[in-house]
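Remarks on the structure that follows.
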Amino acid sequence: MRDVAIIGVGMTKWGELWEKSLRTIFTETALLALEDAGVDKFDSLFVGCMSSGLFVGQEHLASLLADDLGRIPVPAARVESACASGGLALRQGFIEVASGASDVVLVGGVEKMTDVTGCEATYALGTAADQEYEGYHGLTFPGLYAMMAVAHMHHYGTTREQLAMVAVKNHDNGSKNPLAQFPFKVTVDGVLNSVLVADPLRILDCSPITDGAAAVVLCPAEMARKMKKPAIRITGSGQATDTIALSSRRDLAWLESTHLAAGKALAMAKRKIEDIHLFEVHDCFTIAEIMVTEALGLVKKGQGGKAVEDGLTARGGRFPVNPSGGLKAKGHPVGATGVAQAVEVVKQLRGEAGDRQIKGAKRGLTQNMGGTGGSSVVHVFEAD
Amino acid sequence: MPTPSRYWREIPQRYRLEAGKCKGCGFVAFPPRVVCPKCGAREFEPTKLAEAGKLVTYTVIRVPPGPFEDQAPYAVGIADLDDGVRLTAQVVDCDFDRLAVGMRVRLEFRKLSEEGHAGVIYYGYKFVPE
Amino acid sequence: MAGIIGYGADIPRNRIRVEEIAKVWGADAPSYKKGLMLEEKSVPSPDQDTITMSVESSKRALKRAGIDPREIGAVYVGSESHPYAVKPSGTVLAEAIGATPAVHTADLEFACKAGTEGMFIALNLVRSGAVKYALAVGADTSQGAPGDALEYSAAAGAAAFLFGKERLVADVLETYSYTTDMPDFWRREYMYYPRHGGRFTGEPAYFAHVTGSARGIMAKAGLKPADFKYVIFHQPNGKFPFRVGEMLGFTKPQIEPGWLVNKLGNTYSGSSPLGLTATLDIAKAGDLVLLVSYGSGAGSDSFVIRVTDRIDEVRDLAPRTRTLLDTNKVYLEYGAYAKYRRKIRKAE
Chain A
9 MRDVAIIGVG MTKWGELWEK SLRTIFTETA LLALEDAGVD KFDSLFVGCM SSGLFVGQEH
69 LASLLADDLG RIPVPAARVE SACASGGLAL RQGFIEVASG ASDVVLVGGV EKMTDVTGCE
129 ATYALGTAAD QEYEGYHGLT FPGLYAMMAV AHMHHYGTTR EQLAMVAVKN HDNGSKNPLA
189 QFPFKVTVDG VLNSVLVADP LRILDCSPIT DGAAAVVLCP AEMARKMKKP AIRITGSGQA
249 TDTIALSSRR DLAWLESTHL AAGKALAMAK RKIEDIHLFE VHDCFTIAEI MVTEALGLVK
309 KGQGGKAVED GLTARGGRFP VNPSGGLKAK GHPVGATGVA QAVEVVKQLR GEAGDRQIKG
369 AKRGLTQNMG GTGGSSVVHV FEAD
Chain B
33 MPTPSRYWRE IPQRYRLEAG KCKGCGFVAF PPRVVCPKCG AREFEPTKLA EAGKLVTYTV
93 IRVPPGPFED QAPYAVGIAD LDDGVRLTAQ VVDCDFDRLA VGMRVRLEFR KLSEEGHAGV
153 IYYGYKFVPE
Chain C
906 MAGIIGYGAD IPRNRIRVEE IAKVWGADAP SYKKGLMLEE KSVPSPDQDT ITMSVESSKR
966 ALKRAGIDPR EIGAVYVGSE SHPYAVKPSG TVLAEAIGAT PAVHTADLEF ACKAGTEGMF
1026 IALNLVRSGA VKYALAVGAD TSQGAPGDAL EYSAAAGAAA FLFGKERLVA DVLETYSYTT
1086 DMPDFWRREY MYYPRHGGRF TGEPAYFAHV TGSARGIMAK AGLKPADFKY VIFHQPNGKF
1146 PFRVGEMLGF TKPQIEPGWL VNKLGNTYSG SSPLGLTATL DIAKAGDLVL LVSYGSGAGS
1206 DSFVIRVTDR IDEVRDLAPR TRTLLDTNKV YLEYGAYAKY RRKIRKAE
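Chains as they are written, first to last, in our numbering: chain A, 9 to 392; chain B, 33 to 162; chain C, 906 to 1253.
As structure tokens, then:
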């Protein structure tokens, strides 16, 4: 397997982009990544997108986007794993370069979520759950994560305030991200008084509905060196699945797929979790970030709430989590998220993260997750 | 919500809680499966779920998906049934502040939703306080 | 020798008081309460309907009967509020209790006596030997037009009876039906609420048919009012059962155990059947019970029933009727009631 480098990243401002269609959002973002990479041609395209079918009635997406980018007949594939679609697309691109099957691969992620009503979007997102045994009973994603939160709070004493602190931290980070959907700060009181979505989760515990895309360009590390590009490599990739239904899991307050995927990615990278300087994780809901920090091994099981309260995961803490603002403040155009996490890590490792910069960052980790943890994809990135 | 054939196919589960017990290791699969997730065996014998248990978690959904728009807010929960199987369902006939981990519940036959005024009516099970 | 081998009731827990309805329409609550002898009525939750209540009451009847549901040969649901106009309630019920596929099913309608219709048919199928066991349910979630007198009483509930030849809980000794054509209360297809002839629904309709049926069965069976321990009449309001009882020569103590309407409202096809389940809950071996239903259109079914000693073994195998009626209640305001009963016009 060859070493794989990321030589270009691209991301545009995320939000409710009324004037832009899915294809426009993707194409503009992809072109930015290609420009940043300094390449014009690529051998293969992977696109992460959860449900262009339900959101805009469009399937056959990869071909459409290859066409829109003016790059047919390049081979292209859409990758889907609910909210882990972007991370999984990145993994497919990584494997294709690592295996030698392709040299330059463009990996993008995109979601256009505002062409349907809020209820329709809630329904579309709900298709990541078990349709016949969760969706049939009226479950939603906030509802499923709320049940995980209740279990976590019951077993470990995690508090409502600790959940709120995740949102406060991520908004503080996001306020320094010009591309974020919500670049403003929030307070614990503000979170605790925001409207209930699924008890105990409130609107400010939940990532938003967002339009947006992100893209990266991969190539063999050898080629990157010849092009005299900053050598940022993907050194580890890991993926795992878990039961689709939350009720099929014995431990409702633990993300086993994240734990396994991280183990595999770190093993491939020959690193321990303590070696990593920053983490971009899947905070679809505040409780998710708390559980992810435990599953990654940053803290012991059940200690995730205390960790955020103690500042362990703040920008200046021992394990900075979500310096980009996370899904909470940056936004969550579902298929794009996993790729945007990589964009942030690359910028950080290049020293280009502006006010969000984690000093001396040389190694980063991304964790992207689908559904209630039915799939997790973890990547490790290193700067030479 | 499901198409008529998707709804009809799950009737033995939705109306009668029919499950499959693995002949290899005794694991009870609900709904029934082809492959046992515990031991990989492919033979099951028919069984039915217990009709009562206790909640292991719950929430109140206040922002519903489209088909449940008129019902919000409604409570949902996951319960460990008395036979060890874990099940997800709405919790009804219960004040929200009574919901608690460990609360005893039993299953009752109720209407889940419907495909508008002219479509199919979807029935199934819900939890009520025991 | 055929009769009831199991019985069960289902009553929703929501209630609305007469005062709450009267307040909205500017009516005089005390005079309605006095005139109808009614205090409150049951209201189905949005997830309850004739089918769900049929299933729950039938499961309770099965608990008391202790039989294998696959041996049920016929299932009938009588209601004037079947959830579908075309597609039977009976098939959902038969699937839910596990009686399918070797079972005959039909949905019945005869205003408030569709429940006893089913009982008549089920009993006779068993008597004739055509089936081993038969199930009959009377269930309704009827609508009263907003502001109309019937809004105070139109309620929701279900009663289920399993019939067989052995291990009887109550033997059905005699049946009699009295039927004429009469437009006292009706609902045209595609109309949401029923209409009625006001005072015309009293003497020539309810009273004429109930007395005709009761006198007919007593003559046929050679019995008089004093022979019965209990009598149950259809209960459209609190007053009619006592008045018709008096006309026929029955006493208040005979009527009271099966008289639920003051706290339940009129459960239409479930009305006299629920009166019967409540009576069976407290009856003793040997008690003779008369059941007289009434359905507008019009007709009345009568049954002479003798309770056996098996009643003591089965009565507490499922919740008693008055437990469902008197406990675990939730009182609604008119707004919630109107929302639950879909009386509010929403966007298409």
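Think of the CB as a built atom: it goes at the ideal place given N, C-alpha and C, for glycine as much as any other residue.
These numbers come from a predicted model, not from an experiment.
{"Item": "Near-chain B residues of the segment 942-959 of chain C (beta-carbon distance less than 8 Å), N- to C-terminal order", "Value": "Ser950, Pro951, Asp952, Gln953, Asp954, Ile956, Thr957"}
{"Item": "Interface partners of arginine 918 of chain C on chain B, CB under 7 Å", "Value": "Asp125"}
{"Item": "Exposed unless 16 or more other CB atoms sit within 10 angstroms - verdict on proline 1141 of chain C", "Value": "buried"}
{"Item": "Assigned exposure category for valine 163 of chain B - 16 Cβ within 10 Å defines buried", "Value": "The structure shown has nothing for residue 163 of chain B, since chain B only spans 33 to 162."}
{"Item": "Outcome for cysteine 71 of chain B when other beta-carbon atoms lying within 10 angstroms are tallied against a minimum of 16", "Value": "exposed"}
{"Item": "Start-to-end residues for the alpha helix (DSSP H) that takes in arginine 41 of chain B", "Value": "36-41"}
{"Item": "Own chain residues within Cβ distance below 6 Å of glutamate 42 of chain B, not counting five before or after", "Value": "none"}
{"Item": "Own chain partners of isoleucine 153 of chain B with C-beta closer than 7 Å, once the 5 adjacent residues on each side are dropped", "Value": "Lys143, Glu146"}
{"Item": "Rounded distance between the beta-carbons of lysine 370 of chain A and histidine 285 of chain A, thought under 8 Å", "Value": "6 Å"}
{"Item": "In chain order, each alpha helix (DSSP H) run of at least 4 residues that lies wholly inside the segment 1186-1225 of chain C", "Value": "1216-1219"}
{"Item": "Residue environment, tyrosine 1095 of chain C, which counts as buried when at least 16 other CB atoms sit within 10 Å", "Value": "exposed"}
{"Item": "Sub-8 Å separation of valine 388 of chain A and alanine 206 of chain A beta-carbons", "Value": "no"}
{"Item": "Rounded straight-line distance, which links the Cα of threonine 996 of chain C to that of alanine 150 of chain B", "Value": "19 Å"}
{"Item": "Backbone secondary structure at cysteine 7 of chain A - three-state DSSP", "Value": "This structure does not reach residue 7 of chain A, given that chain A is present from 9 up to 392, and the question cannot be answered."}
{"Item": "Within-8 Å CB hit, arginine 138 of chain B to chain C", "Value": "no"}
{"Item": "Distance, aspartate 915 of chain C Cα to threonine 79 of chain B Cα", "Value": "27 Å"}
{"Item": "Range covered by the alpha helix (DSSP H) that runs through threonine 266 of chain A", "Value": "264-277"}
{"Item": "Range covered by the alpha helix (DSSP H) that runs through tyrosine 1245 of chain C", "Value": "1239-1245"}
{"Item": "CA nearest to the CA of isoleucine 281 of chain A, picked from A:Ala129, A:Gly305, A:Val289", "Value": "A:Gly305"}
{"Item": "Beta-carbon neighbours of proline 63 of chain B, restricted to chain A and to distances below 9 Å", "Value": "Glu140, Tyr141"}
{"Item": "Expected contact under 8 Å - CB spacing of valine 988 of chain C and threonine 955 of chain C to nearest Å", "Value": "The sequence as given places proline at residue 988 of chain C; valine does not occur at that position. Rounded, the Cβ-Cβ distance is 6 Å, consistent with contact."}
{"Item": "Selection from C:Arg1211, C:Ile1187, C:Ala1203, C:Gly1204 that minimises the alpha carbon distance to leucine 1193 of chain C", "Value": "C:Arg1211"}
{"Item": "Threonine 1021 of chain C Cβ short of 7 Å to the ligand PLP heavy atom set", "Value": "Because no ligand of any kind appears in the structure shown, any question about the ligand PLP cannot be addressed here."}
{"Item": "Neighbour flag for lysine 1022 of chain C against chain B, beta carbons, 8 Å", "Value": "It should be noted that the sequence gives glutamate, not lysine, for residue 1022 of chain C. Output row for glutamate 1022 of chain C: interface = no."}
{"Item": "Buried/exposed call for glycine 902 of chain C, threshold 16 Cβ in 10 Å", "Value": "Any property of residue 902 of chain C remains undetermined from this structure, which presents chain C solely from 906 to 1253."}
{"Item": "Cα-Cα separation, phenylalanine 327 of chain A to glutamate 77 of chain B", "Value": "50 Å"}
{"Item": "Those residues which DSSP pairs with threonine 1046 of chain C across a bridge", "Value": "C:Ala1061"}
{"Item": "Nearest-angstrom Cα separation, counted from alanine 1004 of chain C out to arginine 258 of chain A", "Value": "35 Å"}
{"Item": "One or two residues paired with tryptophan 1091 of chain C in a DSSP bridge", "Value": "C:Arg1100"}
{"Item": "Listed by chain order, chain A residues near alanine 15 of chain B by CB distance under 7 Å", "Value": "Residue 15 of chain B cannot be examined here, being either before or after the span of chain B that is shown, 33 to 162."}
{"Item": "Residue ranges of each beta strand (DSSP E) within the segment 908-941 of chain C, 3 or longer", "Value": "908-915, 919-922"}
{"Item": "For serine 384 of chain A, the three-state DSSP class (helix, strand or coil)", "Value": "strand"}
{"Item": "Chain C contacts made by the segment 40-68 of chain B, where a contact means CB separation under 7 Å", "Value": "Ile43, Tyr47, Arg48"}
{"Item": "Bridge partner(s) assigned by DSSP for glutamine 122 of chain B", "Value": "B:Val108"}
{"Item": "Chain A contact for phenylalanine 100 of chain B (CB, 8 Å cutoff)", "Value": "yes"}
{"Item": "Contact residues within the segment 1129-1146 of chain C, judged by C-beta distance below 7 Å to chain B", "Value": "none"}
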